[in-house]
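Heads up: the sequence shown begins at 17 in our numbering, then just goes up one per residue.
Beta carbons are placed, not taken as given, at the ideal position from N, Cα and C, and that holds for glycine.
Quick notes on the structure that follows.
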Amino acid sequence: TGNICRSPVRERLLARDLADRGVEGSVAAAGTHAVDRGPAEHTRAAAELAGLDLGGHRGRMLTGPMIDAEGADLVIGLTRAHARHVVSNRPDAGPRTGTVRELARLLAEAEAEAEPVAPAWEQLFADRPPAALLEDDPRLDVPDPYGRPALEHVTTVHDLAHLSRVVADGLAAIPPRMS
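Okay, here's the thing in structure tokens:
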């Protein structure tokens, strides 16, 4: 949302985890209602406890070119509202837009079944009915710790670290783009 708590942590974690698995590419964070400032202090401290440096991060707005197919193979929101925002502005992004929890679940289920979940990253959410994004499902959201006590920021970083590892493991097994 504001691009100063969850998203910079997710960005740095996923970039690190993908690189650790030999997956080339870039990971970028942006918010649907971003503010131009650095990470929240509790978030910065929680990230440091997890060995992450959020230095240099500034909140920035999500833009159409970032969403467009030439800009992103995947658009991973932290809440259903984020995914809805993306798809309502760029309907063609639906097959490659979802929440990080939704993505982690899809990838973990595919790994458990030893079946590929999609032929390429940009098709990961292709089987989800478009109307599914209209439904709120708190189980698919990562709660926003903004304005909350420091412990909630630590919990958020811990949750995002777990989700990032699951996502990176799953994405490492799928080609980024269809041939």
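Span separating the alpha-carbon of residue i from that of residue j
i    : j    : result
D89  : D185 : 17 Å
A120 : S23  : 16 Å
T48  : H101 : 7 Å
P135 : D52  : 37 Å
V144 : D108 : Here residue 144 turns out to be Arg, not Val, going by the sequence shown. Straight-line Cα distance between these residues: approximately 13 Å.
V39  : A66  : 22 Å
I20  : R74  : 7 Å
L179 : E57  : 22 Å
DSSP beta-bridge partners of residue i
i    : result
T115 : G93
G47  : M77
6 Å CB neighbourhood of residue i in its chain, flanking five on each side removed
i    : result
A99  : G93, T113, G114, T115 and L149
V43  : E27, L30 and A31
S195 : Since pLDDT at S195 reaches only 47, below the 50 mark, its modelled position is unreliable, and no value is offered.
Cβ separation of residue i and residue j, assumed to be a contact under 8 Å, to the nearest whole Å
i    : j   : result
V158 : T95 : 7 Å
R106 : G80 : 7 Å
Cβ-based neighbour list, residue i, same chain, cut-off 7 Å, excluding 5 preceding and 5 following
i    : result
L156 : R96, T115, R117 and E118
M77  : A46, G47 and A50
Closer than 7 Å: residue i CB and nearest the ligand SAM heavy atom
i   : result
G93 : Among the ligands in the structure shown, none appear at all, so the ligand SAM cannot be discussed.
Residues of its chain near residue i, where Cβ-Cβ distance is below 8 Å and the 5 sequence neighbours each way are ignored
i    : result
D69  : R28 and A63
E127 : D185, G186 and A189
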